[in-house]
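Below is one structure, written out as C-alpha cells; the observations come after it.
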Amino acid sequence: MAYYRSVGDVPRTRHTAFRDPEGRLRHEELMGEEGFSSDSSLLYHRGVPSAIVDSQVWELPDLTTTPNHPLKPRHLRLHDQPVGGDPVTGRRQVLGNADVRIQYVVSDAPSPWYRNAVGDECVYVEDGSGTLETVFGRLSYRTGDFVVVPRATTHRWVPSDVDGEVSRLYAIESTSHVAPPKRYLSRYGQLLEHAPYCERDLHGPTEPLLLEGEDVEVLVKHRGNGPGGLVGTRLTYATHPLDVVGWDGCLYPYTFNVEDFMPITGKVHQPPPVHQVFEAGGYVICAFCPRKVDYHPQSIPVPYYHSNVDSDEVMFYVGGDYEARKGSGIGLGSISLHPGGHAHGPQPSAIEASIGVDHFDELAVMVDTFRPLELGEAGAAVEDPAYAWTWAGRGPTA
Numbered sequence: 001m002a003y004y005r006s007v008g009d010v011p012r013t014r015h016t017a018f019r020d021p022e023g024r025l026r027h028e029e030l031m032g033e034e035g036f037s038s039d040s041s042l043l044y045h046r047g048v049p050s051a052i053v054d055s056q057v058w059e060l061p062d063l064t065t066t067p068n069h070p071l072k073p074r075h076l077r078l079h080d081q082p083v084g085g086d087p088v089t090g091r092r093q094v095l096g097n098a099d100v101r102i103q104y105v106v107s108d109a110p111s112p113w114y115r116n117a118v119g120d121e122c123v124y125v126e127d128g129s130g131t132l133e134t135v136f137g138r139l140s141y142r143t144g145d146f147v148v149v150p151r152a153t154t155h156r157w158v159p160s161d162v163d164g165e166v167s168r169l170y171a172i173e174s175t176s177h178v179a180p181p182k183r184y185l186s187r188y189g190q191l192l193e194h195a196p197y198c199e200r201d202l203h204g205p206t207e208p209l210l211l212e213g214e215d216v217e218v219l220v221k222h223r224g225n226g227p228g229g230l231v232g233t234r235l236t237y238a239t240h241p242l243d244v245v246g247w248d249g250c251l252y253p254y255t256f257n258v259e260d261f262m263p264i265t266g267k268v269h270q271p272p273p274v275h276q277v278f279e280a281g282g283y284v285i286c287a288f289c290p291r292k293v294d295y296h297p298q299s300i301p302v303p304y305y306h307s308n309v310d311s312d313e314v315m316f317y318v319g320g321d322y323e324a325r326k327g328s329g330i331g332l333g334s335i336s337l338h339p340g341g342h343a344h345g346p347q348p349s350a351i352e353a354s355i356g357v358d359h360f361d362e363l364a365v366m367v368d369t370f371r372p373l374e375l376g377e378a379g380a381a382v383e384d385p386a387y388a389w390t391w392a393g394r395g396p397t398a
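Under UniProt numbering, think of the first position of the sequence shown as 1, with each following residue one higher.
Here is the structure:
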C-alpha cells in the first residue's frame with residue numbers, strides 16, 4: 001500500500017545506529033516486496049528477528065482440490081460448515097487454483113502466531129469482531145471489513161469473546177500481492193477522485209504492540225512440494241517476534257470496511273469492473289453493495305447474460321436480497337461459481353421483475369480469477385447438487 005505511515009520510535013536517518021535509553025542497539029529489519037523494488041517498511045526490533053531455536057514440520061490443513069469437470073456452475077452453502085477452530089488452522093479450502101485459495105472458517109478461538117510467506121491475504125469478515133495482533137501493531141476488525149495482511153507479516157487473530165460470538169471469516173489467500181486497482185491510482189500512488197474509496201477509509205496500526213516472551217512458536221506457510229505447492233513449518237523464536245518499538249514505510253496491514261465503498265452507477269447496467277475493490281496476480285476482488293441502480297426508463301437493472309471467456313466468477317452473498325438470483329436457491333452464506341465456458345446471468349423470472357426497480361439492497365463479495373478454479377474439500381462438502389439446472393427448470397434425463 002503506497003501510503004506512508006510512521007508508528008512508534010524510529011531513528012532520524014535509516015540504516016544508522018539506533019539505541020534504547022540504556023545504549024542497547026535496536027535491530028533494523030527491512031520488510032519489502034519484489035526484491036527491494038517495490039513497497040517496503042523498516043521495523044526496529046528489541047531482539048534479533050532471525051534468532052530461531054527450533055524448526056519443525058507443520059502439517060497444513062487439507063488443500064487438495066478437484067477439477068470442475070465435467071464443467072458446470074455450482075452453488076456452495078458455506079453456512080452449512082460447522083462452528084469450530086481458530087481463524088488460521090481452522091480454515092477449510094472451498095476453491096483454489098495456482099493464484100488464489102478461497103477458504104472459510106467459523107471461528108470461536110484465538111489463532112496461533114502465524115506468517116504467510118506465500119502471498120498477501122485479504123480476509124473478508126462476514127460476521128463478528130475482534131483484534132488482529134501484528135508485528136506492526138494492533139488492528140481492530142468488525143463485520144464488513146476487508147483485512148489486508150501483507151506477505152510474511154507475523155500476526156494472530158483474536159475474536160471477541162462476547163456472549164459466544166464467533167467470527168465468520170472468508171479468507172482469500174494470494175500467491176501475489178493485493179492492492180487497489182491501478183486505474184484508481186495516480187502515477188505516484190494516491191487514490192484518485194474517481195476511485196470508490198480514498199486513503200482516509202484505510203485503517204492501519206497507530207501504535208506499537210510490544211509483547212514479552214521466550215521460545216515463541218510461529219506457524220509459517222511457505223512454498224514447497226505439498227498440495228498447491230505449499231508446506232508448513234513451526235519456527236520457534238528465542239524472543240517474542242512482536243518486539244518492534246517503531247516502524248515506518250508503505251507496507252503494513254490495514255482494514256477497509258465495505259460500508260465505505262462508494263458504488264459507481266450509470267444510466268444502464270454497469271459491468272462488474274465498476275465494483276472492483278482490489279487487484280492481485282491472476283484475480284480481482286469486487287464488492288456489490290446497496291446502491292441506486294439504472295435510471296434509463298427501459299433499463300434492466302439485473303445483469304445481462306454473459307460468458308466468462310477469460311475467467312471464473314465466484315460470488316459470495318453476505319447481505320440483503322440479491323435480485324438476480326431469486327428462484328435459484330441461493331441465499332445468505334451462499335457461493336456461486338460460474339466457470340469460464342458457461343454463459344450465465346439472472347434467473348429468467350428476475351429479469352422482468354427488475355424493470356422499474358431503482359434500488360438494490362444487496363451485498364456480495366466477488367472474486368474473478370483468470371485461471372480455472374478447482375473445488376476444495378469444504379466446497380464439495382456443502383454443494384447444492386440441483387443448482388446447475390435452475391435456469392432450465394429441470395435436471396438431466398436418466
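Here a beta-carbon is modelled for each residue, glycine too, at the ideal position from N, C-alpha and C.
Since the structure is predicted, the reported quantities are computational estimates derived from the model, not experimental observations.
- Judged by DSSP secondary structure, S38 falls outside any alpha helix (DSSP H); it is assigned neither H nor E.
- Between G333 and Q347, the gap from beta carbon to beta carbon reaches 9 Å or more.
- Per DSSP, A51 has no beta bridge partner at all.
- Cβ contact annotation for S354 (same chain, cutoff 7 Å, sequence separation greater than five): I300, P301, V302, E323, in chain order.
- In the DSSP assignment, S336 forms a beta bridge with H75, M315.
- In this structure, V88 sits away from Y104, with a CB-CB distance that is not shorter than 9 Å.
- The beta carbon of K267 sits closer than 8 Å to those of D294, Y295, H296, S299, all from its chain and outside the five residues before and after it, given in chain order.
- The Cβ neighbour count for V57, taken over all protein chains shown within 10 Å, is under 16; the residue is labelled exposed.
- In the DSSP assignment, A364 falls within the beta strand (DSSP E) that extends over 362-369.
- Taken in chain order, the complete beta strand (DSSP E) segments of 3 residues or longer contained in the segment 210-296 are 214-223, 230-239, 244-249, 254-257, 276-280, 283-288.
- Within the segment 181-212, there are no complete beta strand (DSSP E) runs of at least 3 residues.
- Annotation: I351 is outside any beta strand (DSSP E); the continuous alpha helix (DSSP H) that includes it extends over 348-354.
- Per DSSP, reduced to three states, the secondary structure at Y141 is strand.
- Around the beta carbon of D368, 16 or more other beta carbons sit within 10 angstroms, so the residue counts as buried.
- By the neighbour-count definition (other C-beta atoms within 10 Å, threshold 16), R200 is an exposed residue.
- If only uninterrupted beta strand (DSSP E) runs of at least 3 residues are considered, those enclosed by the segment 103-168 are 114-116, 121-127, 130-134, 137-141, 145-149, 155-159.
- Straight-line spacing of the CA atoms in G232 and Y197 works out to 36 Å.
- Assigned with DSSP and collapsed to three states, Y387 falls in helix.
- Excluding the 5 residues flanking it on each side, G119 has same chain C-beta neighbours closer than 6 Å at R151, S174, T175, S176, in chain order.
- Around the beta carbon of S38, fewer than 16 other beta carbons lie within 10 angstroms, which makes this residue exposed.
- A straight-line Cα-Cα distance of about 40 Å links D86 and G393.
- Looking at H15, L76, P70, S311, the one whose alpha-carbon comes closest to that of P273 is S311.
- In the displayed model, R92 falls within a strand according to three-state DSSP.
- For N68, the closest C-alpha among the options G395, P396, A388 is that of A388.
- Classified as buried, T134 has 16 or more neighbouring CB atoms from the shown chains inside 10 Å of its CB.
- Distance from D108 to G84 at the Cβ level is roughly 7 Å; contact confirmed, criterion being Cβ atoms closer than 8 Å.
- Taking 9 Å as the cut-off, the beta carbon of V258 is found no closer than this to the beta carbon of Y170.
- G8: not part of any alpha helix (DSSP H); member of the beta strand (DSSP E) spanning 5-8, first to last residue.
- In this structure D321 is not in contact with D358, their Cβ atoms being roughly 15 Å apart against a cut-off of 8 Å.
- The three-state secondary structure of E22, taken from DSSP, is coil.
- Q56 is bridged by DSSP to R234.
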